[in-house]
Amino acid sequence: MASTDPKHSRRRLLVGGVALAAAGAGGALGWQAWRSRPAQKPRIVLGDGVDTPKDMAWVPGGVFLMGSDHKLAYPNERPTHDVRVAGFWMDVAHVTNDQFARFVQETGYVTTAEQKPDWESIRVQLPPGTPRPPADVLVPGAMVFVGTDRPVRLDDYSRWWRYVPGADWRHPHGPDSSIEGKGRHPVVQISYPDALAYAKWAGKRLPTEAEWEFAARGGLEQATYGWGDELLVDGARQANYWDVSERRFPVVSPRAGGAVGTLEAGTFPPNGYGLLDMTGNAWQWVADWYRADYFAQQAKLKRHPIDNPLGPGESYDPSEPGVPLNAPKRVIRGGSFLCNEDYCLSYRPSARRGSDPYSPMSHLGFRLVRT
Ligand SMILES: [Cu+2]
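Quick note on numbering: this note's numbering labels position 242 of the sequence shown as 242, and the sequence is numbered without any gaps.
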């Protein structure tokens with residue numbers, strides 16, 4: 001991409017700057033998401049790569065209302081409760097294909113998707129007593145969003161998700177796909193252990209769920225979206241999600257517009273802390289175990305705000321029939337290019353889901369923090 005591309009120069013300004021006043025940057029570049037709440041306008045502070053970490057933004061921490069009681073909120077986001085997080089640095093964008101390639105080059109790391117699946121990690125996600133499948137079924141691969149060629153009932157995601165042998169981070173949609181030209185896209189097909197391995201190499205860590213939500217809110221208390229209460233800003237989309245006004249989910253026929261996927265970081269404006277794609281584009285692993293009722297438990301605690309919560313001690317998810325309630329799941333946040341109003345409205349800062357830590361997916365990546 002030419003360096004004169006406005007997306008690029010915008011991004012360079014972002015990561016090159018040390019401290020951009022949000023008002024100045026917003027006005028000059030047309031990012032005006034915070035205009036409606038001037039009192040909460042945070043200052044964007046970006047690492048300079050000298051005294052402070054490169055390509056990371058400072059998230060100041062503080063007390064905030066975690067979760068949501070909004071009409072769009074799912075039960076697992078309820079109720080709101082006071083949480084305090086300490087300040088931290090956070091990656092401005094998802095870890096990209098280029099960055100992950102450097103890690104693999106230096107360490108020789110082999111991701112979960114590239115290895116023969118481990119029966120033990122599969123077994124715990126299945127009803128007790130499920131027989132071990134024949135060995136030739138357990139081949140390296142990953143879950144790929146394949147979509148449908150016509151509208152379908154949205155009650156069974158196996159209509160649009162498939163286990164594809166040979167899918168991995170270099171071939172996110174299967175062996176015939178590639179990441180050529182996608183160096184600055186989020187790396188996907190990353191398991192939770194893959195994210196941890198990268199984090200160790202990079203000297204960073206996954207955010208806690210509370211840190212992630214504090215960061216995703218961009219300084220806006222209880223706004224519906226990361227940029228405010230309205231989906232569109234001056235008629236423009238603010239994130240990479242599935243727009244049901246353009247096409248039915250999950251139809252990917254050529255007539256409907258063909259394949260969907262991740263977009264390069266910087267396609268949409270940053271949030272109040274200078275973070276890109278905190279919602280939409282690709283889901284992000286966070287550190288915590290997932291419990292659907294965790295927020296309800298937290299809200300019942302006597303002392304608020306709750307200081308730097310680290311999540312529950314084990315998983316609980318009643319939302320997937322056939323999967324044991326306590327099957328291990330980690331929290332994923334932010335939603336993806338697939339999220340939409342008709343099926344899973346997860347490009348909201350409070351939206352949360354549990355995901356099998358050993359199951360890489362074509363809509364799931366990560367970003368890291370440092371304290
Ligand atoms: Cu979704």
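Think of the CB as a built atom: it goes at the ideal place given N, C-alpha and C, for glycine as much as any other residue.
What are the start and end residues of the alpha helix (DSSP H) that includes P193? Numbered from 1 along the sequence shown, position 193 holds the residue referred to as residue 193. From DSSP, the alpha helix (DSSP H) with P193 extends over Y192 to A202.
Output needed for A21: all residues of its chain with C-beta closer than 7 Å, excluding positions within five of it in sequence on either side, in chain order. Start at 1 with the first residue of the sequence shown, and residue 21 comes out as number 21. Interpretation of A21 is limited by its pLDDT of 37, a score under 50 that renders its predicted location unreliable; no figure is taken from the coordinates.
Just to confirm, is the Cβ distance from V193 to T107 under 8 Å? As a position in the sequence shown, residue 193 is number 193, starting the count at 1. As a position in the sequence shown, residue 107 is number 107, starting the count at 1. Before going further, note that residue 193 is Pro rather than Val in the sequence given. Against a cut-off of 8 Å, the Cβ pair of T107 and P193 comes out as no contact.
Confirm the yes/no value for this check: CB of L338, any heavy atom of ligand 1, distance under 7 Å. The residue given as residue 338 occupies position 338 in the sequence shown. It does: the Cβ of L338 is within 7 Å (strictly closer) of some heavy atom of ligand 1.
Where do the ends of the beta strand (DSSP E) carrying W212 lie? Along the sequence shown, one-based indexing puts residue 212 at 212. Segment E209 to A216 is the alpha helix (DSSP H) holding W212; no beta strand (DSSP E) there.
Within the segment 84 to 149, note down every full alpha helix (DSSP H) run reaching 4 residues or more, in order along the chain. 97 to 107 and 119 to 123
Where do the ends of the beta strand (DSSP E) carrying Y273 lie? For this step, residue 273 is matched to residue 273 along the sequence shown. No beta strand (DSSP E) contains Y273, which DSSP labels as neither H nor E.
Using the beta-carbon count (16 or more within 10 Å), is V369 buried or exposed? If you number the sequence shown from 1, residue 369 lands on position 369. Here V369 is buried, its C-beta having at least 16 other C-beta atoms within 10 Å.
Assuming F295 is part of the alpha helix (DSSP H), what are its boundary residues? As a position in the sequence shown, residue 295 is number 295, starting the count at 1. Taken as a continuous stretch (DSSP letters only), the alpha helix (DSSP H) holding F295 covers Y294 to K300.
Is the beta carbon of G335 within less than 7 Å of some heavy atom of ligand 1? The sequence position of residue 335 within the sequence shown is 335, counting from 1. Under cutoff, so the answer is yes.
Spatial neighbours of F64 in its chain, beta-carbon cut-off 7 Å, leaving aside the 5 residues before and after: Your numbering for residue 64 matches position 64 in the sequence shown. Result list for F64: V83, F214, R217 and E221, in chain order.
Beta strand (DSSP E) runs wholly inside the segment 309 to 361, at least 3 long, in chain order: Listed in chain order, they are 330 to 333 and 352 to 355.
Is S346 near ligand 1, going by C-beta to nearest heavy atom under 7 Å? If you number the sequence shown from 1, residue 346 lands on position 346. In this structure, the C-beta of S346 approaches ligand 1 to less than 7 Å from one of its heavy atoms.
Counted within 10 angstroms of its Cβ, other Cβ atoms place W89 as buried (16 or more) or exposed: For the purposes of this step, residue 89 is identified with residue 89 of the sequence shown, where counting begins at 1. Counting every other CB atom within 10 Å of its CB across the protein chains shown gives W89 a total of 16 or more, marking it as buried.
So D342 packs on L310, CB below 8 Å; how close in whole Å? In the sequence shown, residue 342 corresponds to position 342, counting from 1. In the sequence shown, residue 310 corresponds to position 310, counting from 1. The Cβ separation is near 34 Å, so there is no contact.
Which residues does DSSP list as the beta-bridge partners of F64? Position 64 of the sequence shown, counted from the first residue, corresponds to residue 64. V83.
Where does P172 fall in DSSP's three states? As a position in the sequence shown, residue 172 is number 172, starting the count at 1. Coil, per DSSP.
Can you tell me which residues form a DSSP beta bridge with R291? Taking the first residue of the sequence shown as 1, we reach residue 291 at position 291. According to DSSP, which records beta bridges pairwise, R291 is partnered with Y316.
N-terminal and C-terminal residue of the beta strand (DSSP E) that P186 is part of: Your numbering for residue 186 matches position 186 in the sequence shown. No beta strand (DSSP E) holds P186; DSSP gives it neither H nor E.
Quick test of your reading: N281 and N240, contact by CB under 8 Å. State the CB separation rounded to the nearest angstrom. Residue 281 sits at position 281 when you count from the first residue of the sequence shown. Residue 240 sits at position 240 when you count from the first residue of the sequence shown. Yes, they are in contact, since the Cβ atoms of N281 and N240 sit about 4 Å apart, within 8 Å.
By Cβ distance below 6 Å, which residues in the same chain neighbour V164 in space, the five residues on each side in sequence not counted? Position 164 of the sequence shown holds residue 164. Correct list, in chain order: G141, V144 and G174.
Looking only at DSSP bridge pairs, what is W58 linked to? Here residue 58 corresponds to residue number 58 of the sequence shown, with the count starting at 1. DSSP lists W89 as partners of W58.
How about G365 and H94: do their beta carbons lie closer than 8 Å? Within the sequence shown, residue 365 is the residue found at index 365, counting from 1. Within the sequence shown, residue 94 is the residue found at index 94, counting from 1. Against a cut-off of 8 Å, the Cβ pair of H94 and G365 comes out as a contact.
Coarse secondary structure for R303, derived from DSSP in three states: As a first step, residue 303 is located in the sequence shown; it is residue number 303 there, counting from the start. Correct three-state label for R303: coil.
Inter-residue Cα distance where the pair is W201 and R150: Indexing the sequence shown from 1 puts residue 201 at position 201. Indexing the sequence shown from 1 puts residue 150 at position 150. Distance between the alpha carbons of W201 and R150: 44 Å.
Tell me which same chain residues have a C-beta within less than 6 Å of the C-beta of R353, skipping the five on either side of it? The count along the sequence shown starts at 1 and reaches residue 353 at position 353. Answer for R353: I332, listed in chain order.
Beta-carbon proximity list for A296, same chain, < 8 Å, skipping 5 on both sides: In the sequence shown, the residue the question calls residue 296 occupies position 296. If we look at A296 and ignore the five residues flanking it on each side, its Cβ neighbours are R78 and P79.
Nearest-angstrom Cα separation, counted from S121 out to Y358: By 1-based counting over the sequence shown, the position of residue 358 is 358. By 1-based counting over the sequence shown, the position of residue 121 is 121. The straight-line gap from Cα to Cα measures roughly 7 Å.
Does the beta-carbon of P360 have 16 or more other beta-carbons within 10 angstroms, so that it is buried, or is it exposed? The residue labelled residue 360 in the question sits at position 360 within the sequence shown. Buried is the call here.
For the beta strand (DSSP E) that R162 lies in, which residues bound it at each end? For the purposes of this step, residue 162 is taken as the residue at position 162 of the sequence shown. Here the beta strand (DSSP E) through R162 covers W161 to P165.
Whole-angstrom distance between G266 and R153, CA atom to CA atom: Counted from its first residue, the sequence shown places residue 153 at position 153. Counted from its first residue, the sequence shown places residue 266 at position 266. Roughly 34 Å separates the two Cα atoms.
Distance check for R205 and V323, CA to CA, integer angstroms please. The residue you call residue 323 lines up with position 323 of the sequence shown. The residue you call residue 205 lines up with position 205 of the sequence shown. For V323 and R205, the distance between alpha carbons rounds to 29 Å.
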